[in-house]
Every structure is written in structure tokens, then in C-alpha cells.
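Using our numbering, the first residue of the sequence shown is number 12, and each one after it goes up by one.
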Amino acid sequence: MKELILGGARSGKTRLAEQRAAATQYDVLYIATAQAYDDEMNERIARHIGDRPAHWNTLEEPLYLARALQANAKDGRVILVDCLTLWLSNLLCRDDATFFELQKQSLLECYGLLPGQVILVSNEVGQGIVPDNALARRFIDEAGWLHQALAAQSDQVTFVTAGIAQRLKP
12 MKELILGGAR SGKTRLAEQR AAATQYDVLY IATAQAYDDE MNERIARHIG DRPAHWNTLE
72 EPLYLARALQ ANAKDGRVIL VDCLTLWLSN LLCRDDATFF ELQKQSLLEC YGLLPGQVIL
132 VSNEVGQGIV PDNALARRFI DEAGWLHQAL AAQSDQVTFV TAGIAQRLKP
């Protein structure tokens with residue numbers, strides 16, 4: 012089962028993903044893509060860690076997501092990735108188009124073939140105004156294209172608003 016959970020900031024998407032992972036009774040691996048560049052981000056990461064069950068394993072992987080998924084996906088395991096938009100930001104900020112395309116393509120090629128259950132969490136960023144700078148516009152474009160490609164391969168797609176899950180697919 013592959014699921015993509017989308018929503019805005021503080022929409023409840025991570026909480027929903029964690030509830031779904033916990034409900035399976037499978038081994039859970041939490042792949043965290045965040046990088047802490049300041050105290051505020053350190054606090055966010057600590058809060059996320061504190062919210063997870065202590066018996067869940069965590070792997071911090073800010074760049075090589077496909078490799079981490081391929082190495083760890085297996086039957087009887089749920090992998091929860093939080094979140095794709097932070098991963099996308101990490102890639103775009105490297106300012107290396109070849110590396111970006113390689114990592115994105117690697118994810119798109121492996122995702123549908125992974126054994127076990129995978130839950131991807133991502134911010135839906137395409138519902139606001141078009142930003143006034145090129146990097147922000149590229150980020151929105153890349154996130155939208157990535158979400159479309161992953162949604163096409165997902166068994167289930169859910170959108171979360173104000174803590175309310177709305178099934179988009181099937």
C-alpha cells in the first residue's frame with residue numbers, strides 16, 4: 012500500500028500519517044528529511060520526535076530518499092516519510108540540477124515497486140499566489156509535478172485540512 016498525504020502547514024497531515032502507521036501494528040520506520048539550521052528548526056524536530064512512539068525507528072535522510080526507501084522497505088514494515096517538501100527544498104538548495112533530477116527520478120522509479128507500506132507526507136503549496144522570486148516559483152512547480160507523479164503511483168491520496176482528512180484517491 013502506497014499513500015500520499017498532502018496538506019498545508021499545521022493541517023494535521025503528519026498526525027494522520029502517524030495514526031495510520033500506528034494502526035497497522037507493523038514495524039515502523041520514520042524517515043525524517045528535515046535539516047536543522049537554527050534553534051527554531053531544532054525545536055520543531057524535537058517536538059516531532061517527542062510525538063512519535065519510542066519504539067519507532069528513525070532514519071534522518073535529507074537527500075538520498077530513494078536509496079533509503081530501497082534499503083529499508085520490506086513486507087511487514089511501514090515507512091513514513093516526513094516530509095517530501097523539506098526533501099525537495101534540500102535538493103533545490105544544493106543548486107545542482109543534475110543531482111536534483113537524479114534524486115527525483117530515483118524516487119519516482121522506485122516508489123511503486125517498494126515492498127511493504129509507504130506513507131509519504133508533503134505540503135500542498137500550490138494553492139496560494141505565485142511568488143515573486145524564481146526559486147520559490149520553481150519550488151512550487153517542482154512540488155506540484157512531484158505530487159502529481161507520486162499520486163499517480165499511490166494506492167491512496169489524502170488531503171488534510173484543519174485536521175480533517177479528505178480522501179482524493181481512490
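Ideal placement from N, C-alpha and C gives every residue a C-beta, glycine not left out.
Inset, instruction - May I ask which residues mark the beginning and end of the beta strand (DSSP E) holding T35? - result: Boundaries cannot be given for T35, as no beta strand (DSSP E) includes it and DSSP labels it neither H nor E.
Inset, instruction - Determine, using beta carbons only, whether N101 and L40 come nearer to each other than 8 Å. - result: Contact: no.
Inset, instruction - Per DSSP, which residues does E71 bridge with? Please list them. - result: DSSP output for E71 lists A43 as bridge partner(s).
Inset, instruction - For the alpha helix (DSSP H) containing R148, list its first residue and its last residue. - result: Run containing R148: A145 to Q164, per the alpha helix (DSSP H) assignment.
Inset, instruction - Return the chain-ordered list of same chain residues with a C-beta closer than 8 Å to the C-beta of L103, the five sequence neighbours on each side being excluded. - result: Result list for L103: F111, L146, R149, F150 and E153, in chain order.
Legend entry - Q164 versus G139, V171 and K180, residue with shortest Cα-Cα distance: Nearest Cα to Q164 within the set G139, V171 and K180: K180.
Inset, instruction - Decide if the region 13-24 is in contact with the region 68-84; the criterion is three or more beta carbon pairs, one per stretch, under 8 Å apart. - result: With a cut-off of 8 Å on Cβ pairs, the region 13-24 is not in contact with the region 68-84, counting fewer than three such pairs.
Legend entry - Distance cut-off 7 Å: I151 Cβ against heavy atoms of the ligand ADP: Although the ligand ADP was asked about, the structure shown includes no ligands whatsoever.
Inset, instruction - Write down every uninterrupted run of the beta strand (DSSP E) in the region 72-146 whose length is 3 residues or greater and which is fully enclosed by it, in chain order. - result: Complete beta strand (DSSP E) runs here, min 3: 88-93 and 128-134.
Legend entry - Segment contact flag, the region 127-134 with the region 28-39, C-beta cutoff 8 Å, min 3 pairs: Inter-segment contact for the region 127-134 and the region 28-39 is present: three or more beta-carbon pairs are separated by less than 8 Å.
Inset, instruction - Would you give the residue range spanned by the alpha helix (DSSP H) that G61 belongs to? - result: Residues D50 to D62.
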